[in-house]
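Notes follow once the structure below has been shown.
Protein chains: 2
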Amino acid sequence: MSTESLLERRVKVLGGRSPLFYDKPLQLVRGEGVWLYDVDGKRYLDAYNNVPHVGHCHPRVVEALSRQARTLNTHTRYLDETVVSYAERLLSTFRPSLARVFFTCTGSESNELAMRIARECTGNMGVISTAFAYHGNTAAVAQISSVFTPAEQRGPFVRNVPVMDPYRERNGRSDEELAGAYAQDVQRAVEDFARHGVGLAAVLFCTAFSSEGLPVVPRGYLAKVADIAHAAGGLLIADEVQAGFGRFGSHMWGHDLHEALPDIVTLGKPMGNGHPLAGVVTTADLMERFSERNMYFNTFGGNAVSSAAGLAVLDVLQDERLLENARRTGDYVIAGLERLKDKHALIGDVRGRGLFFAVELVKDRASKEPAGAETKRVVNAMRERGVLLSRIGRGDNILKIRPPMPFNVEHADLLITTLDGVMSELSRRS
Amino acid sequence: MSTESLLERRVKVLGGRSPLFYDKPLQLVRGEGVWLYDVDGKRYLDAYNNVPHVGHCHPRVVEALSRQARTLNTHTRYLDETVVSYAERLLSTFRPSLARVFFTCTGSESNELAMRIARECTGNMGVISTAFAYHGNTAAVAQISSVFTPAEQRGPFVRNVPVMDPYRERNGRSDEELAGAYAQDVQRAVEDFARHGVGLAAVLFCTAFSSEGLPVVPRGYLAKVADIAHAAGGLLIADEVQAGFGRFGSHMWGHDLHEALPDIVTLGKPMGNGHPLAGVVTTADLMERFSERNMYFNTFGGNAVSSAAGLAVLDVLQDERLLENARRTGDYVIAGLERLKDKHALIGDVRGRGLFFAVELVKDRASKEPAGAETKRVVNAMRERGVLLSRIGRGDNILKIRPPMPFNVEHADLLITTLDGVMSELSRRS
């Protein structure tokens, strides 16, 4: 089966607009750890995928999944120890007030439910997200997902705050000044809602600000946002689909890194290492108030197989010390990327923490004009050289590097060396 | 671990309102075919669950799932033969115009996407569902799910048509007359929308009318509804989460049984035999028009493991001739239930087709007053005697019998005998 004929078959069933990565789509047949293999046997270093969080096809997760699938797979309307044990284990990684969990299947379902809870419990409708956010694909969540939804489709109950961009906007200000200035944007959105008679239900942010380009969030910012939300009668929803499960190395959850206590936390992608498992963590009080008037049941959410997979992910994270690895490898990658920045003028900024990195490419370090076309060339050239990554940001000019958690310093060397080669060739050609 | 202490632990993490079946919750530890086993080793005949469609823990599905989980599990932005083969195989079971599929993870996501497509492609907002419908748990889908959503929360873009109840409403009318009368309800809803300046996006019905109590749908009804929807500029969305994948034995899809051609079909529960897999099937034209302006991507939807599970379900359905089994066993069960009706005055009506049955309990066969409390007692007594079923309908008075597809005549004998015993005891006691 050639890639060309598979592409033709694909268009006939999934349509011509079902998204595919890369100018030349990549046909994969096998995955293991941080490695992926294409149909020709070529090996790729995966420096992009966060869904296979503890590594592609991790044997312990596969074994847990297979064993449970052989034994029992029912929904949560039967009493089942697996889901209870998993819920206890998961909640033990959160601060004590975040003591209850709803299980869902996808990050979209989680953000949907979080918005339903916030609107029900506050009695308000307004939700604030950023001006370049992605939180999912349902109608309600698409309204706050400004990255794909034109402003005229966002309706009266959504306000977007400008994307923070300290790389361009710091202007010598301290973290405290910057945090205050960005928090003012949230305050202004609350006030604009009020002028239109709309109360605040929630501020909903990705704690990595991933689609926004992984900005270095000024210290204290998210705690200020929580205060503003609460003062307006609303809640803070932390979308941990990107930052969660130890991605940043130093903390299990992005909101802990930012020293902010959310009222609701949404979980997704990495949670089941590829198995469709997601969830909403909240307080006992909010769950109770929501559930008094709303029956929430999710047929597949928290089923025995999903719970077994989720539990195995937590086991592997702990037993293989993957947060520690993320910190160590992360520092090493940042140092390597900084060396590349010294060497290649195209690199305007290097950001990151744990195993999540942004390399911002600019046409000129003074103007900081986004180098979108060059970034696309780098992404495709990296794929040709066997390293998978992608790009983010309003200018599509930020390399997104977010490998599975077992990514180590040897893998980091291959990433840095390959990126060095690609950027050298790019500068020779231009 | 006693059931009591597990219940206590469960409340502390999932809350006190997370739904559980039965007065005395059932703690399950193992499943196989149509059998489930509780923590004390007691065996239960599963006459309720449609998610384990080809049987609990079917070895071929488990093997397909495990093999693919060991090999590769990535999303559809890489080119992958598994998802293409599965899509081809799935679409081959539909009529030719239904030629494209979006993969999702849950029935809720499928109905969400179907409504987004209908609203985008018609330019209208109005959706018609029935007055006792359940289509899912997202905000938009909850609005049309009248069973759990109070009328005041359904908003300006939803109209509900009365639940059809030919058992009470036939009044000697022919199928054609009855189909015409019920279709008039849909026409009236369209006209009410029009009076309020709302155009019709879609009529969205479960093709089993499952929550509504599995009425015997008069021949020709759904085709008339399709005509009304199209004449109003709207679409027909067939929710096949309950009826699909051969549940009715005679046809793979409920809309084929009803001889109606929908524009969009939504799939869910039985699709992956418990694995979170769902989808939206539609025409090439609707997919294209929707996708021109909307980027739909679902991280877990159609991933390699989900596709392998879905493919195995289709293989087993075919190789084990499970539609044929559903027809044969179904006729046998109906005959048995009719005998019980002759014997027990509490049974007002017996309905069903393939492996989906409704046994409507009434206080009096003349008044047909729903016997909700008695139905609840039957459900709990059946559980005590080792047979699992549930109840549906506006009066909660309809036994819902919907076993996995390998349910055979021996299982049927056990179901009928047990139900006979429970109903005899109930009448002795009352």
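Sequence lines, in order, name chains B and G.
Read left to right, the first sequence gives residues 1 to 430 (this note's numbering).
Read left to right, the second sequence gives residues 1001 to 1430 (this note's numbering).
Backbone N, C-alpha and C define an ideal beta-carbon position, used for all residues, glycine too.
Listed in chain order, which residues of the stretch 1199 to 1222 of chain G have Cβ atoms closer than 8 Å to some Cβ of chain B?
none
When DSSP labels each residue in this structure, what does Pro1166 of chain G get in the three-state scheme?
Counting from 1 along the second sequence, the entry for residue 1166 of chain G is found at position 166. In the structure shown, Pro1166 of chain G sits in a helix (DSSP, three-state: H, G or I).
Three-state secondary structure assigned by DSSP to Phe290 of chain B:
Along the first sequence, one-based indexing puts residue 290 of chain B at 290. DSSP places Phe290 of chain B in helix when its eight states are reduced to three.
Separation of Pro1052 of chain G from Ser1002 of chain G, as counted between CA atoms
By 1-based counting over the second sequence, the position of residue 1002 of chain G is 2. By 1-based counting over the second sequence, the position of residue 1052 of chain G is 52. Cα-Cα distance, rounded: 26 Å.
Measure from the C-beta of Met1287 of chain G to each C-beta in chain B and report whether the shortest distance is under 9 Å.
In the second sequence, residue 1287 of chain G corresponds to position 287, counting from 1. Closer than 9 Å: yes.
Mind pulling the beta strand (DSSP E) runs of 3 or more residues that sit fully within the stretch 180 to 230 of chain B?
200 to 206
With 9 Å as the threshold, decide whether the Cβ of Pro96 of chain B is near any Cβ in chain G.
For the purposes of this step, residue 96 of chain B is taken as residue 96 along the first sequence, with counting starting at 1. Cβ-Cβ to chain G under 9 Å: no for Pro96 of chain B.
Check whether the stretch 331 to 344 of chain B touches the stretch 138 to 147 of chain B, taking contact to mean three or more Cβ pairs, one atom from each stretch, closer than 8 Å.
no
State whether the stretch 1341 to 1355 of chain G contacts the stretch 1281 to 1296 of chain G, with contact taken as three or more CB pairs (one from each stretch) at a distance under 8 Å.
no
Please specify which runs of the beta strand (DSSP E), each continuous and at least 3 residues long, are wholly inside the stretch 1263 to 1326 of chain G, giving them in chain order.
1264 to 1267 and 1278 to 1282
Environment of Gln242 of chain B [buried if 16+ CB atoms lie within 10 Å]
For the purposes of this step, residue 242 of chain B is taken as residue 242 along the first sequence, with counting starting at 1. Flag for Gln242 of chain B reads buried.
For Lys400 of chain B, report the span of its beta strand (DSSP E) as first-last.
As a working mapping, residue 400 of chain B is identified with position 400 in the first sequence. Note, Lys400 of chain B: beta strand (DSSP E), Ile398 to Ile401.
Taking only the alpha-carbon atoms, compute the straight-line gap between Tyr182 of chain B and Thr418 of chain B and give it to the nearest angstrom.
In the first sequence, the residue the question calls residue 182 of chain B occupies position 182. In the first sequence, the residue the question calls residue 418 of chain B occupies position 418. Each residue's alpha carbon lies about 36 Å from the other.
Give a yes or no on whether the minimum CB-CB distance between Thr375 of chain B and chain G is below 9 Å.
Working through the first sequence from its first residue, we reach residue 375 of chain B at position 375. So, not an interface residue.
Give the single residue among G:Arg1247, G:Met1271, G:Ala1229 and G:Leu1204 whose Cα lies nearest to the Cα of Asp1239 of chain G.
Indexing the second sequence from 1 puts residue 1239 of chain G at position 239. Ranking G:Arg1247, G:Met1271, G:Ala1229 and G:Leu1204 by Cα distance to Asp1239 of chain G puts G:Leu1204 first.
Can you tell me where the beta strand (DSSP E) with Tyr44 of chain B in it begins and where it stops?
Within the first sequence, numbered from 1, the residue matching residue 44 of chain B stands at position 44. Looking at the DSSP string, the run of the beta strand (DSSP E) that includes Tyr44 of chain B is Arg43 to Asp46.
Using the Cβ count rule (16 or more neighbours within 10 Å means buried), how would you classify Asp342 of chain B?
Taking the first residue of the first sequence as 1, we reach residue 342 of chain B at position 342. Label assigned to Asp342 of chain B: exposed.
To test your reading of the DSSP string, which unbroken alpha helix (DSSP H) runs of 4 or more residues are found completely within the stretch 1101 to 1173 of chain G?
1107 to 1122, 1139 to 1144 and 1166 to 1169
Is the beta carbon of Gly1155 of chain G less than 9 Å from the beta carbon of Ala1202 of chain G?
In the second sequence, residue 1155 of chain G corresponds to position 155, counting from 1. In the second sequence, residue 1202 of chain G corresponds to position 202, counting from 1. No. Outside cutoff.
7 Å CB neighbourhood of Leu1006 of chain G in its chain, flanking five on each side removed
For this step, residue 1006 of chain G is matched to residue 6 along the second sequence. Excluding residues within five positions, the ones whose Cβ falls inside 7 Å are Gln1027.
Within a Cβ cutoff of 8 Å, which residues of the same chain sit near Val379 of chain B, ignoring the five residues on either side of it in sequence?
Working through the first sequence from its first residue, we reach residue 379 of chain B at position 379. If we look at Val379 of chain B and ignore the five residues flanking it on each side, its Cβ neighbours are Tyr22, Leu389, Ser390, Arg391 and Leu399.
Please identify, using Cβ separations under 8 Å, the residues of the stretch 71 to 99 of chain B that lie next to chain D, in order along the chain.
This model lacks chain D altogether, as its protein chains are B and G.
Could you tell me whether the stretch 261 to 271 of chain B touches the stretch 74 to 82 of chain B, using the rule of 3 or more Cβ pairs below 8 Å?
no
Closer than 7 Å by beta-carbon distance: list the chain G residues that pair up with Glu112 of chain B, in chain order.
Residue numbering aside, residue 112 of chain B sits at position 112 when the first sequence is read from its first letter. Here the neighbours are Thr1138 and Ala1139.
Looking at the structure shown, is Tyr1037 of chain G part of a helix, part of a strand, or coil, going by DSSP?
Locating residue 1037 of chain G in the second sequence gives position 37, counting from the first residue. Reduced to three states, the DSSP call for Tyr1037 of chain G is strand.
Any C-beta of chain B sitting closer than 9 Å to the C-beta of Phe1021 of chain G?
The count along the second sequence starts at 1 and reaches residue 1021 of chain G at position 21. With 9 Å as the cut-off, Phe1021 of chain G counts as an interface residue toward chain B.
Three or more C-beta pairs below 8 Å linking the stretch 97 to 115 of chain B and the stretch 316 to 331 of chain B
no
Could you check whether the Cβ of Ser1129 of chain G sits closer than 9 Å to any Cβ belonging to chain B?
For this step, residue 1129 of chain G is matched to residue 129 along the second sequence. Taking Cβ atoms only, chain B never reaches closer than 9 Å to Ser1129 of chain G, which makes this a no.
In this structure, how does DSSP classify Pro25 of chain B when only helix, strand and coil are distinguished?
Here the question's residue 25 of chain B lines up with position 25 in the first sequence. Reduced to three states, the DSSP call for Pro25 of chain B is coil.
Whether Val1422 of chain G touches Ala1381 of chain G by CB criterion (9 Å)
Within the second sequence, the letter at position 422 stands for residue 1422 of chain G. Within the second sequence, the letter at position 381 stands for residue 1381 of chain G. Closer than 9 Å, so yes.
Euclidean distance between Cα positions of His1411 of chain G and Ile1401 of chain G:
Numbered from 1 along the second sequence, position 411 holds the residue referred to as residue 1411 of chain G. Numbered from 1 along the second sequence, position 401 holds the residue referred to as residue 1401 of chain G. Answer to the nearest angstrom: the Cα atoms are 12 Å apart.
Since Arg1328 of chain G meets chain B, which of its residues come closer than 9 Å, beta carbon to beta carbon?
Translated into positions along the second sequence, residue 1328 of chain G becomes position 328. By Cβ distance, chain B contributes nothing, its closest Cβ being about 27 Å from Arg1328 of chain G, past 9 Å.
Residues from the stretch 245 to 269 of chain B in contact with chain G, defined by Cβ distance under 7 Å:
Lys269
Check the Cβ of Val1280 of chain G against every Cβ in chain B and list those closer than 7 Å, keeping chain order.
Stepping through the second sequence from its first residue, residue 1280 of chain G is reached at position 280. Those do not exist, as Val1280 of chain G stays about 11 Å from chain B at its closest Cβ, beyond 7 Å.
Let me check one thing: in DSSP terms, what residues is Phe1407 of chain G bridge-paired to?
Numbered from its first residue, the second sequence carries residue 1407 of chain G at position 407. Answer is none; Phe1407 of chain G lacks a bridge partner.
Where do the N-terminal and C-terminal ends of the alpha helix (DSSP H) with Leu1235 of chain G fall, by residue?
The residue labelled residue 1235 of chain G in the question sits at position 235 within the second sequence. Careful: Leu1235 of chain G lies outside any alpha helix (DSSP H), inside the beta strand (DSSP E) at Leu1235 to Asp1239.
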